[in-house]
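Peer 1:
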Amino acid sequence: MQYLIQEGWLESRPGIGTVVADPPQARAGERKRILQQEVEQLVVEARRVGLELEEIIAAIESHWVRFEKPLEVSRK
């Protein structure tokens, strides 16, 4: 558990105990590195299954729009 606290995944709060920490904001360089890795994996897999660039762009745009919409909660 001490390792998770040192790594910033958990926080020890007096009077409360140990709780999950808020995720740290990634630095610009780290975000770019992560994005590059994810894009590379996407491209490799897309080419492996024979997808065209236009299909990938359309899929990304579709997901982008879907995540821009506020989540709707259905109540029964």
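Residue numbers (numbering that gives the first Met the number 0): 0 to 75.
A virtual CB, placed ideally from N, CA and C, is assigned to each residue, including glycine.
Small disclaimer: the values here were computed from a predicted structure and weren't measured.
Have a look at residue 16 and residue 41 and give me their C-alpha separation to the nearest angstrom.
Peer 2: Locating residue 16 in the sequence shown gives position 17, where the first residue counts as 1. Locating residue 41 in the sequence shown gives position 42, where the first residue counts as 1. Going by the C-alpha atoms only, they are around 41 Å apart.
Peer 1: Spatial neighbours of residue 3 within its chain, please: CB distance less than 7 Å, with the 5 preceding and 5 following residues excluded, ordered by chain position.
Peer 2: Indexing the sequence shown from 1 puts residue 3 at position 4. Hits under 7 Å: 9.
Peer 1: In whole angstroms, what is the alpha-carbon distance linking residue 24 and residue 59?
Peer 2: As a first step, residue 24 is located in the sequence shown; it is residue number 25 there, counting from the start. As a first step, residue 59 is located in the sequence shown; it is residue number 60 there, counting from the start. Roughly 23 Å between the two C-alpha positions.
Peer 1: Is the distance from the Cβ of residue 55 to the Cβ of residue 45 below 7 Å?
Peer 2: For the purposes of this step, residue 55 is identified with residue 56 of the sequence shown, where counting begins at 1. For the purposes of this step, residue 45 is identified with residue 46 of the sequence shown, where counting begins at 1. Cβ atoms of residue 55 and residue 45: closer than 7 Å.
Peer 1: So what does DSSP say about residue 12, is it helix, strand or coil?
Peer 2: Taking the first residue of the sequence shown as 1, we reach residue 12 at position 13. Strand.
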